[in-house]
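K.L.:
Residue numbers (our numbering): 1301 to 2198.
Beta carbons: idealized from backbone N, C-alpha and C, even for Gly.
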Ligand SMILES: Nc1nc2c(c(=O)[nH]1)N[C@H]1C(S)=C(S)[C@@H](COP(=O)(O)OP(=O)(O)OC[C@H]3O[C@@H](n4cnc5c(=O)[nH]c(N)nc54)[C@H](O)[C@@H]3O)O[C@H]1N2
Ligand SMILES: Nc1nc2c(c(=O)[nH]1)N[C@H]1C(S)=C(S)[C@@H](COP(=O)(O)OP(=O)(O)OC[C@H]3O[C@@H](n4cnc5c(=O)[nH]c(N)nc54)[C@H](O)[C@@H]3O)O[C@H]1N2
Ligand code: SF4
Ligand SMILES: [Mo]
């Protein structure tokens, strides 16, 4: 066993501390870090399963040039020469970087410096454009700088948490658990504003299922209510802000009274009033918001509508009070800090003359970019028009995540030079790469990340790099040196980069910028290595991080006494009015498609897709619909649906739930061309953007849909992954000892027999056993190697959804008994195994059917009783709301309690 290493979880912006140990067989164990102030020892289902995602399988192990493995020297020389030649021929703005909130701060800083300081273009943008840019723009408008005023301690101190467009139970699980604890222990109240009844709503005191996109009116109405009922903090407004009469005037025009707002938001006036009353009367209120706010054509206005209410009541920067934008990715915040967005220059400085001068001096360069570059959506649009000649993608998978992905595929196809740095060797984006560069992944790379509360934590190395994988900052610096900038990129370690970045935040700062890390600019290598999680600002005198306690105890809140970063030091109220979503529904596209996340998958599944237990939660991509919409379209649960938008189409299965509003559907963002035939939401989603932030409206795409009837369905389980022939429907899932494919097709594409011939052609006839029933159009085929099961296929005419749990378990056996063989082809188990149903608790592997059985046996059981019997829900707690739903449904006494 190696000695424990303290590092940070590479998934969400909560930024939990993790302790890893690696045993003699190379298996890594992860545990929550009890000293880390983001999580105090807890981890959610994804964090707990991090060990499953490591290893060299499916990794990109060597640099590749036009499909050929090459040495690093060859790859780097080629990249540098091609970029130089492109810039010489077409100018600096013909090249672009598209980077990621999953890079470390050090990587991000070097990428930004290379593009904006030396190539001399600002064409570096990041997937944070799709994620946080509306919050950034809203913060800048109101505060003069992109600053989250509060910190996680506020989640423990608040008396009212309002979650707007945030499904924190699944997306920020550890923070959500804090809210639940405060609800239980202190009677804190929780309100959720989300068109869907999400798993987070199971714990809410009040849910407002608003019409999508109407948040601005909801908060304008709140502002009016606060004004009319005497809740203005006139001292705060007078001393520290500017512009509230105009904002209030706009709010009155947009949201004159409760009834108008209730109608616009399509919720009951009673519920609306209950929310307004609760907010008004609760001084300690915290408004937490995420992608339901940001990913909107009016995202920035939504952010300011929220902030206006907090400024008006002076509820900002005090314990338990404030607007709180939660970040998505582990280093979304760090990327914003270094300046990775195309419309910022560096270290919270923009393209004004003073900032340009400061950055020029600091980087000692004459070629600093002087105006903003292309934001992500514009970047891919320009590329599709042939205007971008070279693109370098790092740490993101735009072909699967940027909306209107068909256009992104075209753009990548057209771009003469596509360089992709990734850890994985098979992503939708890598398929377009001329040059693929293997990057070190979590556990191999070394540097820092900043979480939602501005806390900088170390990600530390505890594994040797896979193959020849290198750190992203190293790859960038090597290319920069080869392009002729040896001195400016002469870094030996991430600590070198971090010191330089910290020094830039301090350079000529004079308290003009809240982002100030001067106290970290002189860290010795050892101090950097041992750096405890620390919140910025870190002014020089106040801190010696080498001796700082793990829980940095300063009160690191902003703005309780003004001190805004606007020219006059005052916050700005922003007048905002509701604007409907840009692409409206129409008779041809009558349904609104919403999209977002599932509990146990991370984005395009490149890592979580490698964990069998995470894949067990939701096994196929589903489109969730309201029962009436399903009925109208003749859909039942499990039916296939063909979905079309103005941008693209998809085929996926139907899931029916009255958690959806009528006329609205929800689709997870995770599946892509590596995991399904046609279930990538990015291909459907529209790419209209918020005019201020450039963030695309990914929660609102008009679609239509129709029942799709295959001629046959099938279930394929195989020990090794397969390349399937072209089919309308397939999904792929890694299970413990096998891969599971659900399949459906029309006979004109391929018949079951043709499919069988294709899939079993690598087995000699004597290794195959089959049973066919022509009358019923069913078949079952199994292939063995000696006595071990290698591949299984079942097919049936029409639409069938196979249960595969017990069949998957047969792949764990080294020998299959004769009896097992017979019954497996008959579709029955010889020794029937309990089908545990969909996995609810990934920490302890407990399925829905097991919980159901316990409920039926214990009619009086409550949520905690399930934990006592099955342990389900007692570790990370991410599944507690799902367990509660089952208890309410199947423990008969629950109805009496209700
Ligand atoms: N399990 C898991 N966790 C993650 C991630 C992951 O991939 N998987 N990704 C991380 C990242 S990068 C991010 S950005 C965060 C995202 O975290 P969240 O923003 O919480 O997650 P989403 O599911 O994208 O969307 C949130 C909610 O917005 C709602 N919504 C849609 N339209 C509107 C609207 O008009 N108004 C309001 N008020 N709500 C609306 C949706 O119904 C949805 O429930 O999650 C992070 N955490
Ligand atoms: N319809 C719809 N679309 C969405 C969203 C939505 O809610 N709805 N959400 C949007 C949001 S908020 C986000 S954040 C994006 C996320 O979208 P992406 O950023 O495209 O998603 P990931 O799967 O996280 O891609 C990260 C890639 O980087 C690789 N990688 C991981 N670590 C490293 C590293 O250290 N170095 C390098 N070089 N590579 C690495 C991974 O293997 C993976 O291929 O999706 C956006 N798209
Ligand atoms: S909440 Fe879960 S995914 Fe997010 S940082 Fe913590 S352990 Fe990782
Ligand atoms: Mo995100």
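Buried or exposed: where does residue 2132 fall if 16 or more other Cβ atoms within 10 Å of its Cβ makes it buried?
P.N.:
Low per-residue confidence applies at residue 2132: pLDDT is 46, beneath 50, and the placement is therefore not dependable, though the value from the model is reported in the following sentence. By the neighbour-count rule (16 or more Cβ atoms within 10 Å), residue 2132 is not buried but exposed.
K.L.:
Using the Cα positions of residue 2166 and residue 1589, report the straight-line distance between them to the nearest angstrom.
P.N.:
If you take the alpha carbons of residue 2166 and residue 1589, they lie about 32 angstroms apart.
K.L.:
Just the Cα atoms here: how many angstroms apart are residue 1735 and residue 1983?
P.N.:
Looking at the two C-alpha atoms, the distance is approximately 24 angstroms.
K.L.:
Is any heavy atom of ligand 2 found at a distance shorter than 6 angstroms from the C-beta of residue 1431?
P.N.:
Yes, Cβ of residue 1431 sits closer than 6 angstroms to a heavy atom of ligand 2.
K.L.:
Is residue 1426 closer than 7 angstroms to residue 1635 when the C-beta atoms are compared?
P.N.:
For residue 1635 and residue 1426, yes; Cβs fall inside 7 angstroms.
K.L.:
Please indicate yes or no: does the CB of residue 1628 lie closer than 6 angstroms to some heavy atom of ligand 4?
P.N.:
Yes, the Cβ of residue 1628 comes within 6 angstroms of a heavy atom of ligand 4.
K.L.:
Kindly give me the distance between the Cβ atoms of residue 1899 and residue 1345, rounded to whole angstroms, as I take these residues to be in contact under 8 angstroms.
P.N.:
Going by Cβ atoms, the distance from residue 1899 to residue 1345 rounds to 6 angstroms, so yes, they are a contact pair.
K.L.:
Under the rule that 16 or more other beta-carbon atoms within 10 Å means buried, what is residue 1415, buried or exposed?
P.N.:
Buried is the call here.
K.L.:
Near residue 2050, which residues of its chain fall below 7 angstroms by C-beta distance, leaving aside the five closest residues on each side in sequence?
P.N.:
Closer than 7 angstroms at the Cβ level, and outside the excluded window around residue 2050, lie 2025, 2027.
K.L.:
Under 8 angstroms: do the segment 2141–2155 and the segment 2171–2187 share three or more Cβ pairs, one atom per stretch?
P.N.:
They touch, by the three-pair rule.
K.L.:
Flag residue 1464 as yes when its Cβ comes closer than 6 angstroms to any non-hydrogen atom of ligand 1, and as no otherwise.
P.N.:
Yes - ligand 1 has a heavy atom lying nearer than 6 angstroms to the Cβ of residue 1464.
K.L.:
So, helix, strand or coil for residue 1638, using DSSP?
P.N.:
Helix.
K.L.:
Would residue 2112 be called buried (16 or more neighbouring beta carbons within 10 Å of its own) or exposed?
P.N.:
Exposed: under 16 other Cβ atoms inside 10 Å.
K.L.:
Helix, strand or coil for residue 1748? Go by DSSP, reduced to three states.
P.N.:
In the structure shown, residue 1748 sits in a strand (DSSP, three-state: E or B).
K.L.:
Quick one: any contact between the segment 1738–1748 and the segment 1707–1719, if contact means 3 or more CB pairs under 8 angstroms?
P.N.:
With a cut-off of 8 angstroms, the segment 1707–1719 and the segment 1738–1748 do not count as touching, because too few Cβ pairs lie within range.
K.L.:
What do you reckon, are the CB atoms on residue 1744 and residue 1730 nearer than 7 angstroms?
P.N.:
Their beta carbons are not under 7 angstroms apart, which means residue 1744 does not touch residue 1730 by this criterion.
K.L.:
Can residue 1971 and residue 1311 be called in contact, C-beta distance under 7 angstroms?
P.N.:
No.
K.L.:
Using CA coordinates, which residue listed in 2056, 2078, 2082 is at the minimum distance from residue 2066?
P.N.:
Ranking the options by Cα distance to residue 2066, first place goes to 2082.
K.L.:
Mapping DSSP to helix, strand and coil, what is residue 1738?
P.N.:
In the structure shown, residue 1738 sits in a strand (DSSP, three-state: E or B).
K.L.:
Sorted by chain position, which residues of the same chain lie with C-beta nearer than 8 angstroms to residue 1359's C-beta, five sequence neighbours on each side aside?
P.N.:
Closer than 8 angstroms at Cβ, skipping near neighbours: 1723, 1724, 1725, 1738, 1741, 1766, 1767, 1769.
K.L.:
For a quick check, are the C-beta atoms of residue 1648 and residue 1893 less than 7 angstroms apart?
P.N.:
No, the Cβ-Cβ distance between residue 1648 and residue 1893 is not below 7 angstroms.
K.L.:
Rounded to whole angstroms, what's the CA-CA distance from residue 1967 to residue 2077? Just pull it up for me.
P.N.:
Roughly 32 angstroms between the two C-alpha positions.
K.L.:
Residue 2044 and residue 1942: beta carbons closer than 7 angstroms?
P.N.:
Not a contact, by the Cβ cut-off of 7 angstroms.
K.L.:
Do residue 1555 and residue 1608 have their C-beta atoms within less than 7 angstroms of each other?
P.N.:
No, the pair does not count as a contact, with Cβ atoms beyond the cut-off.
K.L.:
Could you pull the start and end residues of the beta strand (DSSP E) that residue 1873 belongs to?
P.N.:
Residue 1873 -> no beta strand (DSSP E), and no H or E assigned at all.
K.L.:
In chain order, what residues of the same chain have a beta carbon less than 6 angstroms from the beta carbon of residue 1718, not counting five sequence neighbours either side?
P.N.:
So the list reads 1691, 1712, 1732, 1733, 1734, once near-sequence residues are dropped.
K.L.:
Just to confirm, does residue 1345 get its C-beta within under 6 angstroms of one of the non-hydrogen atoms of ligand 1?
P.N.:
No, ligand 1 has no heavy atom inside 6 angstroms of this Cβ.
K.L.:
Could you name each continuous alpha helix (DSSP H) segment of 4 residues or more that falls completely within the segment 1611–1666, going from the start of the chain to the end?
P.N.:
Segments of the alpha helix (DSSP H) lying fully in the segment 1611–1666: 1632–1638, 1653–1663.
K.L.:
Are the CB atoms of residue 1496 and residue 2203 within a distance shorter than 7 angstroms?
P.N.:
In this structure the chain extends from 1301 to 2198, so residue 2203 is not present and cannot be described.
K.L.:
Quick check: is any heavy atom of ligand 3 less than 6 angstroms from the C-beta of residue 1314?
P.N.:
Yes, Cβ of residue 1314 sits closer than 6 angstroms to a heavy atom of ligand 3.
K.L.:
When you measure from the CB of residue 1591 to every non-hydrogen atom of ligand 1, does any distance come out below 6 angstroms?
P.N.:
Residue 1591: yes, Cβ under 6 angstroms from ligand 1.
K.L.:
Would you identify the three-state DSSP class for residue 1895, choosing helix, strand or coil?
P.N.:
Reduced to three states, the DSSP call for residue 1895 is strand.
K.L.:
Let me know if residue 1410 comes out buried or exposed under the rule of 16 or more other beta-carbons within 10 Å of its beta-carbon.
P.N.:
The residue in question, residue 1410, is buried, as its Cβ has 16 or more Cβ neighbours within 10 Å.
K.L.:
Please report the residue range of the beta strand (DSSP E) in which residue 1758 lies.
P.N.:
From DSSP, the beta strand (DSSP E) with residue 1758 extends over 1755–1759.
K.L.:
Going by DSSP, name the residue or residues bridged to residue 1364.
P.N.:
For residue 1364, which the question treats as bridged, DSSP gives the partners 1369, 1736.
K.L.:
Does the beta carbon of residue 1767 fall short of 6 angstroms from some heavy atom of ligand 2?
P.N.:
It does not: the Cβ of residue 1767 is nowhere closer than 6 angstroms to a heavy atom of ligand 2.
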